[in-house]
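Trainee: There's a structure below that I have some questions on.
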Ligand code: HEM
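Residue numbers (the numbering used here): 113 to 289.
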């Protein structure tokens, strides 16, 4: 298999890559920013549903012991920032760091990904308040967030394997087996 161009795209540079892929427009960014106060109003119901689901199952609740109050406020900030309208490299960097926090606590990636329906439900409610462009934009930004979360896990695995085998190219090839 040949080397792939996408293998060269790293860290916050994935923003330009994905924005180009999804065709996020300035009009869509503005539509997201116009949702900000609706997002502030929807954040609490979203957080309620989010932690109710995670605390309902021992398998996810064990990651949250003693942290829920703190995590409510970080998740609120995360949800509202999704509607900031500013999606620059600092945005991607901070989202990647959030993904990496979950890698560090040993949380299998399927759990954060399996929470995205809650984000979709509440985020679409917010976006609907502004109309079709905002809904389209929200779907793109939610997809961007899912991609970044996954990227944080993949980067960590790839970096460790590259360190172990001596170079990234070989590590990438091993990961295709
Ligand atoms: C859509 C999915 C998720 C989002 C958007 C999200 C968001 C966040 C954010 C914004 C932080 C703060 C990060 C920081 O300060 O560096 C955080 C930390 C944390 N999250 Fe999540 N989270 C998600 C899924 C989960 C799940 C499924 C669990 C557990 C079952 C979980 C457990 C934690 C824990 C324990 C921390 C604190 C880690 C630490 O600081 O040691 N998260 N999350």
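The beta-carbon is built from N, C-alpha and C at its ideal position, and this holds for glycine as well.
Starting from residue 163, trace the alpha helix (DSSP H) in both directions and tell me its first and last residue.
Mentor: Segment 148 to 168, the alpha helix (DSSP H) holding residue 163.
Trainee: Out of curiosity, what's the CA-to-CA distance linking residue 235 and residue 277?
Mentor: If you take the alpha carbons of residue 235 and residue 277, they lie about 42 Å apart.
Trainee: Does residue 266 come out as helix, strand or coil in the three-state DSSP assignment?
Mentor: Here residue 266 sits in helix by DSSP.
Trainee: In this structure, how does DSSP classify residue 241 when only helix, strand and coil are distinguished?
Mentor: Coil, per DSSP.
Trainee: Whose C-beta lies closer than 7 Å to the C-beta of residue 212 among residues of the same chain, with five residues either side of it excluded?
Mentor: The residues are 264 and 268.
Trainee: Express the C-alpha separation of residue 208 and residue 201 in angstroms, rounding to a whole number.
Mentor: Going by the C-alpha atoms only, they are around 10 Å apart.
Trainee: Ligand 1 and residue 258: does the residue's C-beta get closer than 6 Å to at least one heavy atom of that ligand?
Mentor: Checking the Cβ of residue 258 against ligand 1 gives no.
Trainee: If you run the structure through DSSP and keep just helix, strand and coil, what is residue 221?
Mentor: Coil, per DSSP.
Trainee: I'd like the list of long-range same chain contacts for residue 136, defined as Cβ closer than 6 Å, with 5 residues on each side in sequence excluded.
Mentor: For residue 136, where only same-chain residues beyond five positions count, the Cβ hits under 6 Å are 252.
Trainee: Excluding the five sequence neighbours on either side, which residues of its own chain have a C-beta within less than 6 Å of the C-beta of residue 280, listed in chain order?
Mentor: Taken in chain order, the residues that qualify are 274.
Trainee: Nearest-angstrom Cα distance between residue 261 and residue 210?
Mentor: If I take the Cα positions, the gap works out to 8 Å.
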